[in-house]
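Structure first, commentary second.
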Amino acid sequence: MTRFNKLTNRLTLVAALLLGLALTSCDKEPKPTPQMGNERILFSTSIMNADGASGNGYLQAIGSIEAKKYDNSRGVPVGFGTEPIYCGDHLYVLPDYMGMGKAELVCYTVSKELQLTKRGAMELPGGAAACNVVEVSPEKAYISFQNIGQVWAFNPKTMTKTAVIDLNQYKHADTNVMPGAMAVRDGKLYVGLCQLDSKWMPLHKEVELALIDIATDKVEKKISSSTSGLSVATRPIVANSIFLDDKGDLYILCMGSFGFNPEFPGGIVRIKKGETEIDPSWSMNLSEINIEVKGILPQTTKLPANYIVSMHYVSGSKVVAIMGIYALDPTSKNPYTALYCIPTVIDLEQRTIQQIEGIPVSNPHACALGRYNDRIMIGSAGKERSGFYSYDPKTGAVSDGPVFEVEGNPISFYQMETIA
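Numbers -27 to -1, 1 to 393, taken from mature numbering (1 follows the signal peptide of the UniProt record, and there is no 0), label the letters of the sequence shown in order.
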């Protein structure tokens, strides 16, 4: 993968999910012509510019899934480089990750007429790289900022800041702390600490998180472990890169160096239920797991993944994840537009990864994963079609082509409760 190593280290961090030099989405209003139905389904897309590292993002609601192609004419503009955060009936739209647009957090709701209604906004620091939101209660939520090393508590009802939690004291002398994705368990907020240098690369083989008491907004301690050899806790713009399983165990995606430096592989660690330290007896190192890849290269090949683009917990020990494997597009010179991403199933108990066949190899922008009833919707943007495929985790069945197609890259999918 020498072609990728020629890129700047800045690009290596953001090569997978629209984290490049993004442009602000346009400010046009969506057309008031909703597709009616008794469901509320949200999905977001992006349109890349020629460089693949910039463009526009859109979020829209539909009332049912139909075999058709949706354009972005009804889409509400969202920041390029971040995916919307879905918290029950609240939809949070973050500003452009690279700071090119208006610095504010916007909260939307969806009406019965499937219109996205702006219910409030909160001004944010410019260039702070807001990346994740979690709601704790109707009156309390948190937002994390990569570039300023802070987490804010805020009131979702009033969209006002209530506390600032500064995590910069936990950075190393040669890295920035860079808070990432967050999760709530047992009255505590777990915040992934990415710990990257000025070139957006890890320097320490250490998984680190901050543990915050939700009642007081005070940091209780820094969680740290070097047993696994992994690093960079959570993918900041992927909310599901830290999640709870059915047993209450907390799993944390570790990004490492996005596969550009073999000394810093990607993988997964966990913190068991009832504990607040990383389990030294369990981890998954991507560099040690070969995936049997079929239907993409001239022959079936076993390859390790370079990094996990996105993930969605299903149940039991199963996780659906999109894997980035650079060797699947060996001639491409642009990691933003290269076709090297495939959907897989991770078995946390067996520590195995298996390809989900029947879905074309895709570019790294198309990373949508979301639940629809008993299926998992998987976004893919290949050479010929772009849209959402349906995967049945119980049977392994995949839809024959996209369930519905979209304009651009499918970034996220979310099913809200049915409208009465």
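Using N, Cα and C, we set each Cβ at its ideal position, and we do this for glycine too.
Check your understanding: residue 185: which of 92, 77, 237 and 115 sits nearest, CA to CA?
Key -> What you label residue 185 is simply residue 212 of the sequence shown in a count that begins at 1. Distances from the CA of residue 185 to each of 92, 77, 237 and 115 were compared; the closest alpha carbon is that of 115.
- Task: Give me the Cα-Cα distance between residue 143 and residue 108, rounded to the nearest whole angstrom.
- Result: If you number the sequence shown from 1, residue 143 lands on position 170. If you number the sequence shown from 1, residue 108 lands on position 135. When only Cα atoms are considered, residue 143 and residue 108 end up about 24 Å apart.
CA-CA distance, residue 111 and residue 191?
On the sequence shown, residue 111 is found 138 positions in, with the first residue counted as 1. On the sequence shown, residue 191 is found 218 positions in, with the first residue counted as 1. In this model, residue 111 and residue 191 are separated by some 20 Å (Cα to Cα).
Margin query: Check whether chain C comes within 8 Å of residue 386, counting only Cβ atoms and requiring the distance to be less than that.
Written below: Here chain C cannot be found, since the structure has a single protein chain.
Beta-bridge partners of residue 265, as assigned by DSSP
Against the sequence shown, residue 265 aligns to sequence position 292. 275, per the DSSP bridge assignment.
- Task: Work out the CA separation of residue 193 and residue 99 for me, nearest whole Å.
- Result: Sequence index remark: in the sequence shown, residue 99 carries index 126 (1-based). Sequence index remark: in the sequence shown, residue 193 carries index 220 (1-based). Distance from the CA atom of residue 99 to the CA atom of residue 193, rounded to whole angstroms, is 28 Å.
Assuming contact is defined by CB atoms lying nearer than 8 Å, are residue 387 and residue 376 in contact in what I supplied? For this step, residue 387 is matched to residue 414 along the sequence shown. For this step, residue 376 is matched to residue 403 along the sequence shown. For the pair residue 387 and residue 376, the CB atoms are not nearer than the 8 Å cut-off.
- Work out the CA separation of residue 58 and residue 151 for me, nearest whole Å. The count along the sequence shown starts at 1 and reaches residue 151 at position 178. The count along the sequence shown starts at 1 and reaches residue 58 at position 85. Near 19 Å, if we compare the C-alpha coordinates of residue 58 and residue 151.
Item to complete: Could you please give the first and the last residue of the uninterrupted beta strand (DSSP E) stretch that includes residue 139?
Response: The residue given as residue 139 occupies position 166 in the sequence shown. Per DSSP, residue 139 belongs to the beta strand (DSSP E) from 133 to 139.
- Query: Do residue 251 and residue 196 have their C-beta atoms closer together than 8 Å?
  - Reply: Locating residue 251 in the sequence shown gives position 278, counting from the first residue. Locating residue 196 in the sequence shown gives position 223, counting from the first residue. In contact: residue 251 and residue 196 (Cβ atoms closer than 8 Å).
*So residue 285 is in the beta strand (DSSP E); what residue range does that whole segment cover?*
As a first step, residue 285 is located in the sequence shown; it is residue number 312 there, counting from the start. That run of the beta strand (DSSP E) goes 280 to 288.
Evaluate residue 302 with the Cβ neighbour count: other Cβ atoms within 10 Å of its Cβ, from every protein chain shown; 16 or more gives buried, anything less gives exposed. Your numbering for residue 302 matches position 329 in the sequence shown. It counts as buried.
On the DSSP letters alone, give me the boundaries of the beta strand (DSSP E) that residue 345 sits inside.
On the sequence shown, position 372 is the one that residue 345 refers to. For residue 345, the uninterrupted beta strand (DSSP E) segment begins and ends at 342 to 345.
* To do: Could you check how far apart the C-beta atoms of residue 395 and residue 158 are, in whole angstroms? I think they sit under 8 Å.
  => Because residue 395 is not part of the residues shown, which for the chain are -27 to 393, the question remains open.
> Taking the alpha-carbon positions, what's the residue 105 to residue 334 distance?
Replying inline: For the purposes of this step, residue 105 is taken as residue 132 along the sequence shown, with counting starting at 1. For the purposes of this step, residue 334 is taken as residue 361 along the sequence shown, with counting starting at 1. The straight-line gap separating the alpha-carbon atoms of residue 105 and residue 334 is approximately 27 Å.
For this session: Could you give the DSSP three-state label for residue 213: helix, strand or coil?
Result: For the purposes of this step, residue 213 is taken as the residue at position 240 of the sequence shown. Residue 213 falls in the helix class under three-state DSSP.
Does the beta-carbon of residue 272 have 16 or more other beta-carbons within 10 angstroms, so that it is buried, or is it exposed?
For this step, residue 272 is matched to residue 299 along the sequence shown. With a 10 Å radius around the Cβ and a threshold of 16 neighbouring Cβ atoms, residue 272 comes out exposed.
Ordered along the chain, which non-local residues of its own chain (more than five positions away) have a Cβ less than 8 Å from that of residue 394? Outside the shown range of the chain, which is -27 to 393, sits residue 394, and nothing can be said about it.
Check your understanding: Would you report the Cα separation of residue 379 and residue 33, rounded to the nearest angstrom?
Key -> As a first step, residue 379 is located in the sequence shown; it is residue number 406 there, counting from the start. As a first step, residue 33 is located in the sequence shown; it is residue number 60 there, counting from the start. Going by the C-alpha atoms only, they are around 11 Å apart.
* Member of 36, 45 and 12 whose CA lies at the smallest distance from the CA of residue 382 -> Position 409 of the sequence shown holds residue 382. Ranking 36, 45 and 12 by Cα distance to residue 382 puts 45 first.
Would you call the CB atoms of residue 419 and residue 146 closer than 8 Å?
Missing from the structure shown is residue 419; the chain here goes from -27 to 393 and no further.
Going by other Cβ atoms of all chains shown within 10 Å of its Cβ, with 16 needed for buried, is residue 69 buried or exposed?
Within the sequence shown, numbered from 1, the residue matching residue 69 stands at position 96. Per the 10 Å Cβ criterion, buried.
| said: Tell me the rounded alpha-carbon separation between residue 201 and residue 103. | reply: As a first step, residue 201 is located in the sequence shown; it is residue number 228 there, counting from the start. As a first step, residue 103 is located in the sequence shown; it is residue number 130 there, counting from the start. When the Cα atoms are used, residue 201 and residue 103 turn out to be separated by approximately 28 Å.
Can you give me the C-alpha to C-alpha distance between residue 305 and residue 253, rounded to a whole angstrom? As a position in the sequence shown, residue 305 is number 332, starting the count at 1. As a position in the sequence shown, residue 253 is number 280, starting the count at 1. Each residue's alpha carbon lies about 38 Å from the other.
Outcome for residue 341 when other beta-carbon atoms lying within 10 angstroms are tallied against a minimum of 16: Against the sequence shown, residue 341 aligns to sequence position 368. By the neighbour-count definition (other C-beta atoms within 10 Å, threshold 16), residue 341 is a buried residue.
query: Can you tell which of 169, 82, 299 and 182 has the C-alpha that lies nearest to the C-alpha of residue 161?
result: Here the question's residue 161 lines up with position 188 in the sequence shown. The option with the nearest alpha carbon to residue 161 is 182.
*asked:* Going by DSSP in three states, residue 17 sits in which element: helix, strand or coil?
replied: For the purposes of this step, residue 17 is taken as residue 44 along the sequence shown, with counting starting at 1. Collapsing the DSSP output to three states places residue 17 in a strand.
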